[in-house]
Every structure is written in structure tokens, then in C-alpha cells.
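Down below is the structure, laid out as C-alpha cells.
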Amino acid sequence: MENQIVIYRNISGETTRAQVDLWKSRVARSGIQLEEKGKGKTLIFHLYVKDDEVIFYMYENGKSLHVLIEYMRVKKSDGRMVKMIDALITDLQLRGEKYQTIRGELYRTLYVNGLIMDDGPFAERKPAPDFDLRLSREILMGHIYIVLDEFAEAKRLGIAEAEAESAERLRSFAEELQRIEDVLKNNRFNTET
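Counted the way this note's numbering counts, the sequence shown spans residues 613 to 805.
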């Protein structure tokens, strides 16, 4: 799977310890390492595989656990990390949003109680939206960080061809990022909603 970024937003909901334990066993079977630490009424979950890592929190609320992930950026890599975050949402019956690019098009998935309620190309229904541009900017920044790592690795190993290819991709991403920034700057004082 090519290097892409997936954005999760506003993931929240109540769950039980039993559901969390089932999800943790799924994570263990996937080959992703999981560390869970408790501090007071807060549980800290740290998932990592190779260079990819994700950290999020759950909060004890009586007999239930409250999950609140306002924003999370995940590298697609081989897909395991994304599958486990998707499983977190579905297994724990949470609600929230997932955004990703597929063949150059922005896709959104909406979850309600762990069920996919809407999945497909993202088409904002309001005029003059900035959200999709800001999201595209964030996804581009994720791509830039990935390519910077690839560039540094190619430079360290002395692979000139890979270094040049990474530099060209960085240039392309930077140009696209500048176009988005220009549009956002011009729309900044636009009061239409």
C-alpha cells in the first residue's frame, strides 16, 4: 500500500472494559505492539509498528470508559494501523469521521455507533468551504513528512536516484501546498457559510 495519510476526527463514545479487551486481543493478533498505562482515571494507549505510532486516551467514567480522540493522523503504510483504528471505532461502537485520499480524491467515512453511515467521495454541501482545503493541507503535510524521511534515508545511504526522486516529489507537494495556502488566504475574510 502506498504511503498515504488517514485523518480521524471527533472519535468519541462510551464503551466497556470487556469491549476494550476484545479490541486489544485483535490488535495483538495483528502484530501491532500495544502498551496500556493507567494514570488516575486516564488510560493511555500506545500502538506502534516499525516507525508508525499512535497514542490516544480513554477516561474512566464509573463502570464505563469514555473515548475521545479529537484528531489523529495515521500513516497508511501496510494498512494494519488503519485497520486497528477502524476496528477501535467499530468494535467499541464509537462515532466520528475518517478522511483519506484514494486515487487523488478526498474520501470521508462517517461512523455512528460503530456503523458506517456514509462512505465515499467528500463533497461539502455548503458554499465556500475551507474545511476540505484545510484537510487537504494537513494530508499534504503528512505526505511531506513521509517524503522528507525517504529523502533523508536516501541521502544517508547515498542513493542519488532515490534522493532526486524524493526531492522532485517534495517540490510537487510544496507547489500544491502553496496553491492551497493561497486559496485559504484569499478566502480568510470570506463570510459566506
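Where is the CB? At the ideal position from N, CA and C, for every residue including glycine.
Computed from a predicted structure; not experimentally measured.
For residue i, which three-state DSSP category applies?
i	result
T628	coil
R791	helix
L700	helix
I751	helix
I807	It is not possible to answer for residue 807, since the shown part of the chain is limited to 613 through 805.
I771	coil
D730	strand
D742	coil
L796	helix
Between residue i and residue j, which are expected to be in contact by the criterion C-beta below 8 Å, what is the C-beta distance as a whole number of angstroms?
i	j	result
Q712	G726	Incorrect: roughly 19 Å between the Cβ atoms, too far for contact.
Y671	K695	Not a contact, Cβ separation roughly 25 Å.
F785	I756	5 Å
I792	L745	5 Å
Can residue i and residue j be called in contact, C-beta distance under 9 Å?
i	j	result
G754	R621	no
S689	V661	yes
I619	Y669	no
D703	W635	yes
E717	S676	no
Based on the DSSP secondary-structure assignment, which residues constitute the bridge partners of residue i?
i	result
G708	Y723
* To do: Return the chain-ordered ranges of every alpha helix (DSSP H) run that is complete within the region 614-690 and spans a minimum of 4 residues.
  => Runs of the alpha helix (DSSP H) inside the region 614-690: 629-642.
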